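Okay, structure first, notes after.
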Amino acid sequence: MSIVSRFKRDRVGLVSACALVGLYLVALTAPWLAPYDAGETSLREVFRPPSAEHLLGTDQFGRDVLSRVIVATRVTAKITGVAVLLAVVLGTCGGMYVGYVGGRLESLVMRLTDMLLIFPTIMLAIVIVTIAGPSEGGVIVALGLSQVPKFIRLARGVTLSAREALFVEAAKAVGAGRWHILRRHIWPSISSPIIVQATLSLPILVLSASGLSFLGLGVQPPTPEWGAMLNESKDFLRTSPYLLAGPGLCLFVFVLASNLVGDALQDALSPRASSEG
Amino acid sequence: MVPAGLLLVTFLFGLFHFIPGDPALLLAGDNASAEVVEGIRRAYGFDQPLPVQYWTYMKKVLQGDLGVSNFSREPVTALILPRIFNTAQLAFWSMGFAMVVSLILGCCSAMFWNTWIDKLITGIALLGICTPVFVSGLFGIFLFSVKLGLLPTGGLDSWRSFVLPVVTLGAFQAAVLTRMVRASMVEALGQDYIETARAKGLAETAVVFKHALRNAMLPIVTLFGLGFGATLGGSVVTETIFTWPGLGRTMVESILSRDLPVTQGALLLFAFMFIGINLVVDLLYAAIDPRIRFDAP
Amino acid sequence: MSVAHSDEPLIEVEDLRTYFHSEAGIAKAVDGISFAVRRKKTLGVVGESGCGKSVTARSIMRLIRPPGKIESGSIRYRRGEETLELAGLDPKGRTLREIRGAEIAMIFQEPMTSLNPVFTIGEQITEVIRLHLGAGRGEARRRAIDMLNAVAIPSPHQRIDDYPHQLSGGMRQRAMIAMALSCHPSLLIADEPTTALDVTIQAQVIRLMRDLQREFEAAIIFITHDLGVVAGIADEVMVMYLGEIVERAPVRDLFRDPKHPYTQGLMTSIPSLNGARKQRLPVIEGNVPSPFDLPRGCRFHPRCAHASELCRERAPLLLEAAPEHHVACHLQDPELA
């Protein structure tokens, strides 16, 4: 695996990969990591500025912001993770299938994806949320579907070029089934670009997920979510600006790490592009 | 354009029917009596067969009739038209800001490729694309409105109201576009014809800004088109942060209050704006690239 | 101009070294070469890809970009009464820009990619004319049409407004030549100008270049990997291998009596007229070593059939083996042979 070895030499990529893994570890162990119960309100402890007791202070209901930020990591990681998976599975299967069978179905699907790609992710997500309703499940479906066109395009492109390759012709001659050919012969050449695209989609999804929550169209309170927390903090900027710090910083780090990992993976996949760029 | 528009209207018509539940019940609200629901059903024509409903909806949209708001009872068209203008202003200024900044920074970065200037610009752009507008926007409000008292926290009253929303939204796009402009310019500067241009004795500025930029403009125009779409998308969030009286905020509010006719109308206008931008980009592209211009029959 | 001057070399390169620095080490692309070209003469530079012939051309034009760098040596250019040291000039400075395109012009290998696709042929030619000759728009256009006429492009009045993609490969290269010659340079550097063209067009372009050279009295440095092409145009030939000159001789002497084993190898690999032209020089055994890891002693010894212990130990010097015939090979050194 030359991609792995090339990735390993990229120090920035490696550090950000560690950061990303760290964030997912935080997400997995959130309930144990959080110093307080993220949902516990305390009217005697509202709007406490950061202190040794509450490192990031407390919010308007007296909840510990640090604990909420940690638990929110889990929410974001879950939403974006499942959404990426959804997009990858639907998009890759769809793209591989239409790319393989070709014909009128292919041109129809491609016209449709071209049209959908005109719209920014957040707009597509808003439309789908309108239908599915603002909830965690709704956001996952919305974000997942919004990324599907990208994967369809990518998977179809790679499938088209792989289809022409001789080894597929040979496999067909032996009498292998369609799905067998797709899985055994086309998937290997498609997996690396798909993984890179998935990583590149991650920061977009993180931003969109928290953006939706910020608008009130995503995860609903009292579930802690960075975007929703930022929206709530908006009303208390004058008195308690520290409420901004925790969710803002976490969001930034998550997006930064996933962007850097995506860039590094892309470089590792196509070293020529990186040496020129 | 026409098939896309048709598809869109069809989709928006379907929006009523995609949403689980009785559309009449949805419009009437949870506490409405059976008669009221029945009245709405008849008024909106939900009792008619689907093709008839579809035809009526189509006809109305073509006539510019997007229905009335569930709450204010105002015609949707009258409600959203003034908002479009506000959103367009925000998007145009932000995109203008983003284009100027990204062209300058992207070209600089490519010109000084792999030097500290390039690394500084790429670093700033990376930080930019990782800072969502609702973080930078809130920070901007905190700093310039709350702490320094220089700019209003929101609304649309004077030119000062523009500064924070435009810079917040524009800066994010500028960061995204700077990376792309740089990549296009680096690519163009690596081409053989650049060496030809240098061999001709042209000054480096002419090489970069005439020969390289003119070629890089092809991908850049596409990127700017996409960027303009993304700016419009981003305006939804920006308008919410700065309580900007625009289409995006109206749309979000209508979704939250389940005011479907307004949602439909807002989505329709947004969609037409995206399609329009895409069309302009295609036309521009043909105007810039001689290979497309001349190969077309 | 007096007779004495025309006999002085137009350009004189001495001990030129151009290295490329990278993480993998230093690649000595050009490593201590010396040569001179006189007015109206053509120097052919021959070698496999990677031998440093293109880097030599770009060093003279000062087009070497980082991580490449001219380490040492001099490039003296005779300009009227004065002699300029090109190697010492600021590569982005005014003097060099005045020389580039006006006095020293260059033709590149790929006419498709070397012409800017978004400007018409006319725009690209008039750009040089207006830059260096200070001509107005109309005057420059007239000159450009004259030049297109000179390079035998049919109906130049129409072709001048064509974009590169509208012309055939041969026509593009003619346009490139027209552009290079439009300011009547005293030195024309042609970097594999015919490689991308098919055989018939190749012959036409070479004939054209010879005719134009006579007309404009220019000196030419003609770079190619194809000895057959060199025979048709050069007065003197210089064979390069891994950044060094292995043999330099008047064209007739070189073809009659190639002295370096590498030149001999190249000769046997010249394809016959009707043979498959695309097969490039596989006749010499072995591969070109990496420029990062040059062999000790004579750089050619790993591929040389005659290599001795001496060749592995000591690098040969470029010595005059016959009148005007220089060769860097221990076998040709009278003191050692």
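For the record, the sequence lines run as chains A, B and C.
For the first sequence, my numbering gives the first residue as 1, with consecutive numbering after it.
For the second sequence, my numbering gives the first residue as 278, with consecutive numbering after it.
For the third sequence, my numbering gives the first residue as 575, with consecutive numbering after it.
Virtual Cβ for every residue (Gly too), placed ideally from N, Cα, C.
Keep in mind it's a predicted model, so treat the numbers as computed, not measured.
Selection from the options that minimises the alpha carbon distance to residue i
{"i": "Gly133(A)", "options": "Gly282(B), Val440(B), Phe439(B) and Arg535(B)", "result": "Arg535(B)"}
{"i": "Met462(B)", "options": "Val443(B), Lys487(B), Leu479(B) and Arg475(B)", "result": "Lys487(B)"}
{"i": "Glu655(C)", "options": "Gly802(C), Glu898(C) and Leu584(C)", "result": "Leu584(C)"}
{"i": "His880(C)", "options": "Ala889(C), Cys903(C) and Leu893(C)", "result": "Cys903(C)"}
{"i": "Ile518(B)", "options": "Pro429(B), Asp395(B), Trp370(B) and Ser386(B)", "result": "Pro429(B)"}
{"i": "Phe236(A)", "options": "Phe419(B), Leu441(B), Met528(B) and Gly467(B)", "result": "Phe419(B)"}
{"i": "Phe693(C)", "options": "Leu707(C), Arg733(C), Leu663(C) and Arg674(C)", "result": "Arg733(C)"}
{"i": "Val458(B)", "options": "Glu481(B), Thr364(B) and Met388(B)", "result": "Met388(B)"}
{"i": "Thr499(B)", "options": "Ser240(A), Leu117(A) and Val98(A)", "result": "Leu117(A)"}
{"i": "Glu282(A)", "options": "Leu66(A), Gly262(A), Leu249(A) and Phe252(A)", "result": "Residue 282(A) cannot be examined here, being either before or after the span of chain A that is shown, 1 to 277."}
{"i": "His799(C)", "options": "Tyr593(C), Leu590(C), Glu659(C) and Gly618(C)", "result": "Gly618(C)"}
{"i": "Asn363(B)", "options": "Ser435(B), Leu561(B) and Ile471(B)", "result": "Ser435(B)"}
{"i": "Ala493(B)", "options": "Leu367(B), Tyr470(B) and Gly510(B)", "result": "Tyr470(B)"}
Identity of the residues DSSP links to residue i by a beta bridge
{"i": "Pro824(C)", "result": "Glu810(C)"}
{"i": "Val604(C)", "result": "Thr592(C)"}
{"i": "Phe796(C)", "result": "Gly618(C) and Ala764(C)"}
{"i": "Ile819(C)", "result": "Met814(C)"}
{"i": "Gly599(C)", "result": "Ser596(C)"}
{"i": "Asp64(A)", "result": "Thr58(A)"}
Beta-carbon neighbours of residue i, restricted to chain A and to distances below 7 Å
{"i": "Thr333(B)", "result": "Result: empty, since nearest Cβ-Cβ is about 22 Å, beyond 7 Å."}
{"i": "Arg281(B)", "result": "It should be noted that the sequence gives Ala, not Arg, for residue 281(B). Under the 7 Å cutoff, chain A gives Met115."}
Helix, strand or coil at residue i [DSSP, three-state]
{"i": "Ala489(B)", "result": "helix"}
{"i": "Val129(A)", "result": "helix"}
{"i": "Met745(C)", "result": "helix"}
{"i": "His900(C)", "result": "strand"}
{"i": "Ala573(B)", "result": "Caution applies to Ala573(B), whose pLDDT of 43 falls short of 50 and renders its modelled position unreliable; the value that the coordinates give is listed next. Of the three classes helix, strand and coil, the one that applies to Ala573(B) here is coil, per DSSP."}
{"i": "Val345(B)", "result": "strand"}
{"i": "Thr609(C)", "result": "Residue 609(C) is actually Phe in this sequence, not Thr. The answer is strand: DSSP assigns Phe609(C) an E or B state."}
{"i": "Ser646(C)", "result": "strand"}
{"i": "Met635(C)", "result": "coil"}
{"i": "Val587(C)", "result": "strand"}
{"i": "Ala881(C)", "result": "coil"}
For residue j and residue i, the rounded distance between their alpha carbons
{"i": "Val604(C)", "j": "Arg671(C)", "result": "23 Å"}
{"i": "Val206(A)", "j": "Asn555(B)", "result": "26 Å"}
{"i": "Ile695(C)", "j": "Gln747(C)", "result": "11 Å"}
{"i": "Met753(C)", "j": "Val513(B)", "result": "53 Å"}
{"i": "Thr399(B)", "j": "Phe449(B)", "result": "14 Å"}
{"i": "Glu791(C)", "j": "Arg653(C)", "result": "15 Å"}
{"i": "Gly417(B)", "j": "Val443(B)", "result": "11 Å"}
{"i": "Lys852(C)", "j": "Asp566(B)", "result": "Low confidence applies to Lys852(C): its pLDDT is 45, below 50, so where it sits in the model is not reliable enough to give any reading."}
{"i": "Leu761(C)", "j": "Phe119(A)", "result": "56 Å"}
{"i": "Asn848(C)", "j": "Val779(C)", "result": "Because the pLDDT at Asn848(C) is just 48, under 50, the model does not fix this residue reliably, and the value given afterwards should be weighed accordingly. Approximately 19 Å between the Cα atoms of the pair."}
{"i": "Ile644(C)", "j": "Pro897(C)", "result": "31 Å"}
{"i": "Gly642(C)", "j": "Ala474(B)", "result": "19 Å"}
{"i": "Leu284(B)", "j": "Phe47(A)", "result": "50 Å"}
{"i": "Arg830(C)", "j": "Leu801(C)", "result": "13 Å"}
{"i": "Val702(C)", "j": "Arg612(C)", "result": "25 Å"}
{"i": "Ala777(C)", "j": "Cys872(C)", "result": "36 Å"}
{"i": "Leu503(B)", "j": "Ala451(B)", "result": "12 Å"}
{"i": "Arg568(B)", "j": "Ser756(C)", "result": "26 Å"}
{"i": "Leu891(C)", "j": "Pro863(C)", "result": "20 Å"}
{"i": "Val587(C)", "j": "Ser596(C)", "result": "26 Å"}
{"i": "Leu840(C)", "j": "Lys150(A)", "result": "52 Å"}
{"i": "Ala480(B)", "j": "Lys666(C)", "result": "7 Å"}
{"i": "Ala165(A)", "j": "Ser189(A)", "result": "11 Å"}
Amino acids of chain B, ordered along the chain, whose beta-carbon sits closer than 8 Å to that of residue i
{"i": "Pro691(C)", "result": "Tyr470, Asn492, Pro567 and Arg568"}
{"i": "Arg238(A)", "result": "Val423"}
{"i": "Ser210(A)", "result": "Pro409 and Phe411"}
{"i": "Thr913(C)", "result": "Since the displayed chain C opens at 575 and closes at 911, residue 913(C) lies outside it and no answer follows."}
Proximal chain C residues relative to residue i, where beta-carbon distance stays under 9 Å
{"i": "Leu479(B)", "result": "Arg671, Arg674, Gly675, Glu701, Val702 and Leu705"}
Proximal chain B residues relative to residue i, where beta-carbon distance stays under 7 Å
{"i": "Lys8(A)", "result": "Here the premise fails: no neighbours, minimum Cβ distance about 21 Å."}
{"i": "Leu637(C)", "result": "Glu472, Arg475 and Ala476"}
Check: residue i C-beta below 7 Å from any heavy atom of the ligand FAD
{"i": "Ala896(C)", "result": "In the structure shown, the ligand FAD is absent, as is every other ligand, since no ligand is present at all."}
Contact list for residue i against chain A, beta-carbon separation under 8 Å
{"i": "Asn555(B)", "result": "Ile118"}
{"i": "Val514(B)", "result": "Ile122, Gly211, Phe214 and Leu215"}
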